[in-house]
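Peer 1: Have a look at this one.
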């Protein structure tokens, strides 16, 4: 947007706004009707978005390390302020509707003493010479990354600056095109806990062709290298982009304009698997919501963004959330939330859909602040007549739409700036059952300013793993409270619809913003620490001294008292000879009583650790959360299995580590069985004697890493199939009666891969040492075998099937097998880098083999 732009809707809108404050009997009736309507869910309108096909990739490459980029100079605050071009009016705004009376206002801050104080609080990026800053940030296991208009920086979790601040476009240095030349802004950063990757994004604004510039880290280090893409949105300017993590996709929304004419709300699904793999042209499905009726998408939709370690149910669409206000400018018939569903199909993009699924009635609210109507000059500040933006005249919920799957239910929390008795407040919602039958489980209006005179607005909300909620926001008044940052919250057991846990301060303001454009925001970020899944991190802007655009930003973290952290109460100990406390003095620390494996797994926190304190057998274990099972040094911790599986992992999104564990079959089915999860790491383990099953069986879209592990005397050593990305390193597979390693493609549109390096596959029965098989035309299987030895099996290495199946050999020895190499099937390919040894087999090679030496 540019300075001097007229107010959305012009004088007609402001005049209409003034007239609606006439109190009439009809107004009272409307308020009562709205309140009654809040307990019902309206029927969804049959509205669908336009499928625009697959987004075009203009450029792709891989960057160098971010930490080596030049640091950006500090902005010269003596220069005239620059307003960022974004947040344009849609042009669909019309007269305002009737004023509602909010029936659920919370008029006090709640309990005393206040909510726990901050754990960490530090200043981050300061003014860049433009406003608003569009502050947002994200927390990972070891870093905090913040982005503003138009810089980004990487911090330690104690607040130390590790890299930057950099101009955002330097992330695309050497990339070419508009992503490199434009430092345009509206940035977003997210962390994907399921794949340990960071995603940074901004738009371009110069045109005539516009881009979403997306960078995804190649590792979990946000100061290292990034995959970089320029996705073209054609002649549509992708204003106000928001990005979110979903199960097998990344979701995004935009407000799109062409020649300053509003085109609609954009919705996108990016193929996560392709992007994480560094695919130069990942599939991106693109939709445009219709502009009529305009209130169904309003001024923007937010994509749901996963918190925690549990995926949505299999097959769930991506959710997008918006709000409608019958007192707003889009002609909404009621106050409600709108749920849109993006059902994406990366294998067949035309089969995807984006539909308005539900309009969910809310308690009455009024987003327009009486003091400013349809303008930005809303919230008063001390020492100046200049007011700042309340964000209410935009009919939209505020970043983020935080999704969490609790197992027993799904929830999305979000918020919006509203009015309560002429004061700024925050309406917040918790939506449940977003797919089957969305309902408002609870909602509230947080507006203690109706009592203490302090405006509270412009929030961001999230829930921890217990269902507790935190809300961060801005504060100001016209007397002594300069624009600053505070937070509040609720425990899951608190009275529904309330935030009674008191109010905390991240930083008090010390000055006011005097820039005439009045911009504030346009968004802030409340995120949850993946390490304990219950520490909240919030960032937004504030003013330390009075100036036109000399904003500062702050990052603060806090948690509720019952949040447990790794390394302390999140560690449980087990003893093979005692199920509870009896052997604590003999085998376990006095402060950490012993348990069986399964008991410990039931009480340990997500991300925690179970430690075996002495050698023995512990029975089977079912893992339902992210956890490590570890043997103490010198201990041989065992699981003896008489029926079923030794370790079962079937919860989407979990990360599991098994270290130093011995799993022995005595009639059981599989040593380790995983059919859902994010990542399984097996280190220094031994798995044996599952004579009718697998040492390890893994299927689905997950990662499997096997290191320094022995698998012997099973029917099959390792089976991976239908989307698994596996590595086997420095391991030995011997004496398995059918197969050593079996990689399968059975499910259509799945891609399975396995990398085997520095390993020995020896004496594995009459079938195969290593086999790659695709049984479906679109089920891909790839095996890369490096510096390994495959010997003394029926067939050393086989690649078969009508579907796409490939084996690549590098510096590998294949010897002493009945058949060394075997290829059969239209889609089967066996390739060598020309540096392998094939010797001493009954038949060295059968089928079509390329470039094999020593024949």
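In my numbering, the protein residues as written are 804 to 1658. The beta carbon of each residue, even a glycine, is placed where N, CA and C say it ideally should be.
(1) Should residue 1547 and residue 1513 be called a contact, given that it needs their Cβ atoms to be closer than 8 Å?
(2) Quick check on this structure: which residue in 1015, 1217, 1064 has the alpha carbon closest to the alpha carbon of residue 1043?
(3) In the DSSP assignment, the beta strand (DSSP E) including residue 1076 goes from what residue to what residue?
(4) If residue 865 sits next to residue 1081, beta carbons under 8 Å apart, how far is it from one beta carbon to the other, in whole angstroms?
(5) Cβ atoms of residue 1327 and residue 1202: under 8 Å apart, would you say?
(6) Tell me whether residue 996 sits in a helix, a strand or coil according to DSSP, three-state version.
(7) What is the C-beta distance between residue 1571 and residue 1597, in whole angstroms, given that I count them as a contact (C-beta under 8 Å)?
(8) Smallest Cα separation from residue 1174: which of 1195, 1155, 1186, 1024?
(9) Determine the direct distance from the alpha carbon of residue 1636 to that of residue 1382, and round the result to whole angstroms.
(10) Tell me the DSSP bridge mates of residue 956?
(11) Should residue 991 go down as buried or exposed, given a rule of 16 or more other Cβ atoms within 10 Å for buried?
(12) CA-CA distance, residue 867 and residue 1027?
(13) DSSP three-state label for residue 1468, please.
(14) How close, in whole Å, do the beta carbons of residue 1511 and residue 1487 come, if the pair is a contact with beta carbons under 8 Å?
(15) Suppose the cutoff is 6 Å on Cβ atoms and the five residues either side in sequence are ignored; what does the same chain contact list for residue 1114 look like?
(16) Look at the Cβ atom of residue 1336, then the Cβ atom of residue 1410, and state whether they are nearer than 8 Å.
(17) I want to know whether the segment 924–937 touches the segment 897–910 - three or more CB-CB distances under 8 Å.
(18) Apply the 10 Å Cβ neighbour rule to residue 995 and answer buried if 16 or more other Cβ atoms are within range, or exposed otherwise.
(19) Beta carbon of residue 1193, beta carbon of residue 1220: below 8 Å?
(20) Between the beta-carbon of residue 872 and the beta-carbon of residue 973, is there less than 8 Å?
(21) Suppose only complete runs of 3+ residues qualify. What are the beta strand (DSSP E) ranges in the segment 1211–1271, listed by chain order?
(22) Using 10 angstroms around the beta-carbon of residue 1116, count the other beta-carbons present and answer buried if the total reaches 16, otherwise exposed.
(23) Residue 1636 by DSSP, collapsed to three states: which one?
(24) Looking at the unbroken beta strand (DSSP E) that takes in residue 982, where does it start and where does it end?
(25) In the DSSP output, what is residue 941 paired with across the bridge?
(26) According to DSSP, is residue 1403 helix, strand or coil?
(27) Taking DSSP as the reference, what is the three-state secondary structure of residue 972?
(28) Pull up the CB-CB distance for residue 1069 and residue 1054, whole angstroms please, since I reckon it's below 8 Å.
(29) With a threshold of 7 Å on Cβ separation, who are the neighbours of residue 1439 within its own chain once the five nearest residues in sequence on each side are excluded?
(30) Tell me the residue span of the beta strand (DSSP E) that contains residue 1418.
(31) Assess contact between the segment 1265–1273 and the segment 1128–1141, defined as three or more Cβ pairs (one per stretch) separated by less than 8 Å. Is contact present?
(32) Just the C-alpha distance for residue 1644 and residue 857, rounded to the nearest angstrom, thanks.
(33) Between the Cα of residue 1621 and the Cα atoms of 1630, 1089, 1062, 1599, which residue gives the shortest distance?
(34) My output table needs one value for residue 1093: the three-state DSSP class, helix, strand or coil.
(35) For residue 1171, report the span of its beta strand (DSSP E) as first-last.
(36) What does the alpha-carbon distance come out to for the pair residue 1093 and residue 1004?
Peer 2: On the basis of the data shown:
(1) Residue 1547 sits at position 744 when you count from the first residue of the chain shown. Residue 1513 sits at position 710 when you count from the first residue of the chain shown. Not closer than 8 Å, so no.
(2) Here residue 1043 refers to the residue found at position 240 when the chain shown is read from its first residue. Ranking 1015, 1217, 1064 by Cα distance to residue 1043 puts 1015 first.
(3) For the purposes of this step, residue 1076 is identified with residue 273 of the chain shown, where counting begins at 1. Looking at the DSSP string, residue 1076 is not in any beta strand (DSSP E); the run it does join, the alpha helix (DSSP H), is 1075–1079.
(4) The sequence position of residue 865 within the chain shown is 62, counting from 1. The sequence position of residue 1081 within the chain shown is 278, counting from 1. Contact between residue 865 and residue 1081 holds, with the beta-carbon distance rounding to 7 Å and staying under 8 Å.
(5) One-based indexing of the chain shown puts residue 1202 at position 399. One-based indexing of the chain shown puts residue 1327 at position 524. Yes; because the gap between Cβ atoms is below 8 Å, this pair is in contact.
(6) In the chain shown, residue 996 corresponds to position 193, counting from 1. Correct three-state label for residue 996: coil.
(7) Locating residue 1571 in the chain shown gives position 768, counting from the first residue. Locating residue 1597 in the chain shown gives position 794, counting from the first residue. Between residue 1597 and residue 1571 the Cβ distance is about 7 Å, and since that is below 8 Å, they are a contact.
(8) Here residue 1174 is taken as the residue at index 371 of the chain shown, counted from 1. Comparing Cα positions, the closest option is 1195.
(9) Numbered from 1 along the chain shown, position 579 holds the residue referred to as residue 1382. Numbered from 1 along the chain shown, position 833 holds the residue referred to as residue 1636. Here residue 1382 scores only 42 on pLDDT, less than 50, and its place in the model should not be relied on; the value that follows carries that caveat. In this structure, the straight-line span from the alpha carbon of residue 1382 to that of residue 1636 is close to 54 Å.
(10) The residue given as residue 956 occupies position 153 in the chain shown. Answer by DSSP bridge pairing, in chain order: 949.
(11) Sequence index remark: in the chain shown, residue 991 carries index 188 (1-based). Counting of Cβ neighbours within 10 angstroms places residue 991 among the buried residues, the total reaching 16 or more.
(12) As a position in the chain shown, residue 867 is number 64, starting the count at 1. As a position in the chain shown, residue 1027 is number 224, starting the count at 1. Near 7 Å, if we compare the C-alpha coordinates of residue 1027 and residue 867.
(13) Position 665 of the chain shown, counted from the first residue, corresponds to residue 1468. Secondary structure at residue 1468: strand, using DSSP grouped into helix, strand and coil.
(14) Counting from one through the chain shown, the residue named residue 1511 turns up at place 708. Counting from one through the chain shown, the residue named residue 1487 turns up at place 684. 5 Å between Cβ atoms; contact.
(15) In the chain shown, counting from the first residue as 1, residue 1114 sits at position 311. The residues are 1050, 1455, 1456.
(16) Sequence index remark: in the chain shown, residue 1336 carries index 533 (1-based). Sequence index remark: in the chain shown, residue 1410 carries index 607 (1-based). With contacts defined as CB atoms closer than 8 Å, residue 1336 and residue 1410 qualify as a contacting pair.
(17) No: the two stretches stay apart, fewer than three of their Cβ pairs being nearer than 8 Å.
(18) Residue mapping note: residue 995 aligns to position 192 of the chain shown, counting from 1. Burial of residue 995 is indicated by the presence of at least 16 other C-beta atoms within 10 angstroms of its C-beta.
(19) Locating residue 1193 in the chain shown gives position 390, where the first residue counts as 1. Locating residue 1220 in the chain shown gives position 417, where the first residue counts as 1. Yes, the Cβ-Cβ distance between residue 1193 and residue 1220 is below 8 Å.
(20) Reading the chain shown from its first residue, position 69 is the one you call residue 872. Reading the chain shown from its first residue, position 170 is the one you call residue 973. A contact, by the Cβ cut-off of 8 Å.
(21) Taking only runs of at least 3 residues, the beta strand (DSSP E) segments lying wholly in the segment 1211–1271 are 1213–1223, 1226–1235, 1242–1249, 1258–1266.
(22) Here residue 1116 corresponds to residue number 313 of the chain shown, with the count starting at 1. Exposed.
(23) Reading the chain shown from its first residue, position 833 is the one you call residue 1636. When DSSP states are grouped into helix, strand and coil, residue 1636 belongs to the coil group.
(24) Here residue 982 is taken as the residue at index 179 of the chain shown, counted from 1. Counting along the chain, residue 982 falls outside any beta strand (DSSP E), though it belongs to the alpha helix (DSSP H) covering 981–984.
(25) One-based indexing of the chain shown puts residue 941 at position 138. Its beta-bridge partners are 948.
(26) Here residue 1403 is taken as the residue at index 600 of the chain shown, counted from 1. Note: residue 1403 maps to helix in three-state DSSP.
(27) As a working mapping, residue 972 is identified with position 169 in the chain shown. In the displayed model, residue 972 falls within a helix according to three-state DSSP.
(28) Locating residue 1069 in the chain shown gives position 266, where the first residue counts as 1. Locating residue 1054 in the chain shown gives position 251, where the first residue counts as 1. Wrong, their Cβ atoms sit about 11 Å apart, outside the cutoff.
(29) Along the chain shown, one-based indexing puts residue 1439 at 636. 1418, 1465, listed in sequence order.
(30) Here residue 1418 refers to the residue found at position 615 when the chain shown is read from its first residue. In the DSSP annotation of this structure, residue 1418 is not part of any beta strand (DSSP E), being labelled neither H nor E.
(31) Contact between the segment 1265–1273 and the segment 1128–1141 is absent, because fewer than three Cβ pairs lie under 8 Å.
(32) Walking along the chain shown from the start, residue 1644 turns up at place 841. Walking along the chain shown from the start, residue 857 turns up at place 54. Their Cα atoms are separated by approximately 49 Å.
(33) If you number the chain shown from 1, residue 1621 lands on position 818. That would be 1599, whose Cα lies nearest to the Cα of residue 1621.
(34) Position 290 of the chain shown, counted from the start, is the residue given in the question as residue 1093. In the three-state scheme derived from DSSP, where H, G and I count as helix and E and B as strand, residue 1093 is classed as coil.
(35) Against the chain shown, residue 1171 aligns to sequence position 368. For residue 1171, there is no enclosing beta strand (DSSP E), since its DSSP letter is neither H nor E.
(36) Along the chain shown, read from residue 1 onward, the residue named residue 1093 stands at position 290. Along the chain shown, read from residue 1 onward, the residue named residue 1004 stands at position 201. Looking at the backbone, the Cα of residue 1093 and that of residue 1004 are separated by about 25 Å.
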